[in-house]
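Mapping to the UniProt record's numbering: the sequence shown position 30 is 30, numbers consecutive. Beta carbons: idealized from backbone N, C-alpha and C, even for Gly. Just below is one structure, and these are the notes that go with it.
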Amino acid sequence: MGMSGMGQAAVYESTQVTAAQGSGQLSWSADEASRLMHEDRDSSEVAVDVRQLPGRSGNLSTVVERVKEPVRQLGTQIVNRLQGQPEVSAAAALVLDAQTGEVLYSKNMDKALPIASISKLMTAVVTADARLDMAQRIVLQPEDFNGPKRASSTLRVGDEMNRAEVLLLALMKSENPAAAALARTYPGGRAAFMAAMNKKARDLGMTSTWFGDPTGLDARNVASAKDLGTLVRTAYQYGLIRQFTTTPHYDFNLPTRVLRSNNTNALVREGNWNIGLSKTGYINEAGRCVVMQANINQRPTVVVLLGASSSAGRTNDANRIFTWLSGALNRYN
1 MGMSGMGQAA VYESTQVTAA QGSGQLSWSA DEASRLMHED RDSSEVAVDV RQLPGRSGNL
61 STVVERVKEP VRQLGTQIVN RLQGQPEVSA AAALVLDAQT GEVLYSKNMD KALPIASISK
121 LMTAVVTADA RLDMAQRIVL QPEDFNGPKR ASSTLRVGDE MNRAEVLLLA LMKSENPAAA
181 ALARTYPGGR AAFMAAMNKK ARDLGMTSTW FGDPTGLDAR NVASAKDLGT LVRTAYQYGL
241 IRQFTTTPHY DFNLPTRVLR SNNTNALVRE GNWNIGLSKT GYINEAGRCV VMQANINQRP
301 TVVVLLGASS SAGRTNDANR IFTWLSGALN RYN
C-alpha cells in the first residue's frame with residue numbers, strides 16, 4: 001500500500017509506505033523516512049570499540065589507524081591476486097573496494113563524461129543534508145516538466161505526493177519531474193539547490209564534476225568515474241538513499257490513479273546480486289550509465305560504468321565485473 005497523495009498533513013505523517021525488497025517487505029512512514037534520511041552514517045568507516053582493544057591508554061586516532069591498517073593491506077592483497085581483467089565495453093569504468101578505496105579495476109577513470117541521471121544521486125544527498133520535512137506535500141508544477149530537453153514521464157502536472165514519495169520516484173524510477181520538484185521546493189529554490197550540489201561536489205573533492213540541473217537531462221552535467229566512486233561511497237551513508245535506490249518496484253497511490261513503477265536497474269529487479277545502492281542514467285550524450293554498491297562475497301564494492309552503448313551492454317558489463325570479483329574473492333578466501 002503506497003502513501004496516499006490525498007488528505008491532510010496528518011495523513012501524510014501516519015500513512016505507511018510499503019516496498020518489496022528481496023523476499024521480505026519493508027515499510028516506512030514519512031517519519032520513518034525522515035529518520036532514515038538523517039541516521040548516523042555507518043557504512044564507510046571501520047567500527048571500533050576502544051573498550052575491547054588492548055593498550056587503550058594510547059592516542060585514539062593511533063588506535064583507530066592500527067585497526068584500519070590490516071583492512072588496507074587486505075585490499076592491496078586482493079588487487080595483487082585478481083586474475084585477468086573483465087571485458088568492459090563501457091567508455092569508462094571503475095571498481096573500488098568500498099571499505100579502503102582501493103582501485104580494483106579502472107578504465108578512463110579520470111575522464112570527465114556526461115553522467116545523465118546519475119546526477120540524481122547528488123540531488124538525493126543535497127536533499128538529505130538539508131534535513132527537510134519528508135511529509136511535506138508537493139504538487140508537481142509545469143516548470144518541473146520543462147527540462148533542458150524533452151524526456152518521457154509517467155507523471156503529470158498536478159500530481160500530489162509527499163517529499164519521501166518524490167524522492168523515491170527520482171531515485172528508483174529516475175523520474176525527471178520528481179528531481180526538478182525537489183530542487184524547486186528546496187529552501188532558496190532551484191538556484192540555491194544547484195549551488196548546493198556543486199558545493200557538495202567540491203567539498204567531497206570531486207574536481208572533475210559539475211552540475212547544471214538536478215535531473216541529469218543537461219548534458220553539461222559531467223563527472224569522472226573516479227569522482228562518482230566518491231559520490232557512491234558518500235551516498236551509501238544515507239539509509240533512505242540505500243532503501244530507495246534498491247526498491248525493485250512500488251505502486252504509488254496518486255489522487256487520480258495508481259502509478260505502478262519499477263526500478264530502472266535490471267540487476268536490482270532480478271535480485272541475483274546483493275546490491276546496496278544503485279542509480280542508472282541515460283541521455284544520448286552520456287550513453288547508458290550505472291553506479292552501484294554491491295556486497296560480493298561479503299565484501300562491499302563500488303562499481304561505476306559510463307557510456308555503455310545499450311542497456312543490455314551496461315547490464316552485461318556489470319554482470320561480468322561481479323562474476324570476475326566473485327571468482328577472485330573466492331580464490332582469495
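Between Leu277 and Thr245, the CB-CB gap stays under 8 Å. Around the beta carbon of Asn221, 16 or more other beta carbons lie within 10 angstroms, which makes this residue buried.
The shortest CA-to-CA distance from Thr280 to any of Leu132, Gly271, Val291 and Gly287 is the one to Val291.
Taken in chain order, the complete beta strand (DSSP E) segments of 3 or more residues contained in the segment 90–140 are 92–97, 103–107 and 137–139. Distances from the CA of Arg190 to each of Gly212, Arg131 and Thr154 were compared; the closest alpha carbon is that of Gly212. Val291 sits in a strand when the DSSP states are folded into three classes.
Remark: fewer than three beta-carbon pairs, one from each stretch, lie closer than 8 Å, so the segment 192–203 and the segment 258–276 are not flagged as touching.
Residue environment: Glu87 is assigned as exposed (fewer than 16 neighbouring CB atoms within 10 Å of its CB, all protein chains considered).
Distance from the Cα of Ala195 is smallest, within the candidate group Pro214, Ser208 and Pro177, for Pro214.
According to DSSP, residue pairing for Asp251 in a beta bridge involves Arg260. Per DSSP, the beta bridge partners of Arg299 are Ile296. Take Glu160, set aside five residues on each side of it, and the residues of its chain with a beta-carbon closer than 8 Å to its own are Gly5, Met6, Arg137, Ile138, Val139, Leu140, Leu254 and Pro255, in chain order. In the DSSP assignment, Asn162 falls within the unbroken beta strand (DSSP E) covering Glu160 to Asn162. If you draw a straight line from the Cα of Ala112 to the Cα of Tyr105, it is about 17 Å long. Here the alpha carbons of Thr100 and Leu306 stand approximately 22 Å from one another.
Taking the CA atoms as reference points, Lys149 sits about 20 Å from Met122. About 6 Å separates the Cβ atoms of Ala170 and Leu182, confirming a contact at the 8 Å cut-off.
In the DSSP assignment, Asn284 falls outside any beta strand (DSSP E), carrying neither H nor E.
A distance of 8 Å or more separates the beta carbons of Gly188 and Ile115. Of all alpha-carbon atoms in Asp317, Thr323 and Leu325, the one lying nearest the alpha-carbon of Ala92 is that of Asp317. A straight line joining the alpha-carbon of Ile296 with that of Ser326 spans about 6 Å.
With fewer than 16 other CB atoms across the displayed protein chains lying within 10 angstroms of its CB, Glu143 is exposed.
Taking the Cα of Ser311 as reference, the smallest distance to any Cα among Ala294, Arg299, Val157 and Gly287 is reached at Gly287. Per DSSP, Glu270 is one residue of the alpha helix (DSSP H) stretching across Ala266 to Glu270.
Non-local C-beta neighbours of Gly313 in its own chain, meaning closer than 6 Å and more than five positions away in sequence, comprise Ser89, ordered along the chain. Boundaries cannot be given for Gln237, as no alpha helix (DSSP H) includes it and DSSP labels it neither H nor E. Taking all protein chains in view, the Cβ of Asp110 is surrounded by fewer than 16 other Cβ atoms within 10 Å, so the residue is classified as exposed.
One thing to note: Ser117 has its Cβ within 8 Å of the Cβ of Tyr282.
In the displayed model, Val88 falls within coil according to three-state DSSP, outside both helix and strand. Taken through DSSP and simplified to helix, strand or coil, Val157 comes out as coil.
Counting along the chain, Met197 sits inside the alpha helix (DSSP H) bounded by residues Gly189 to Asp203.
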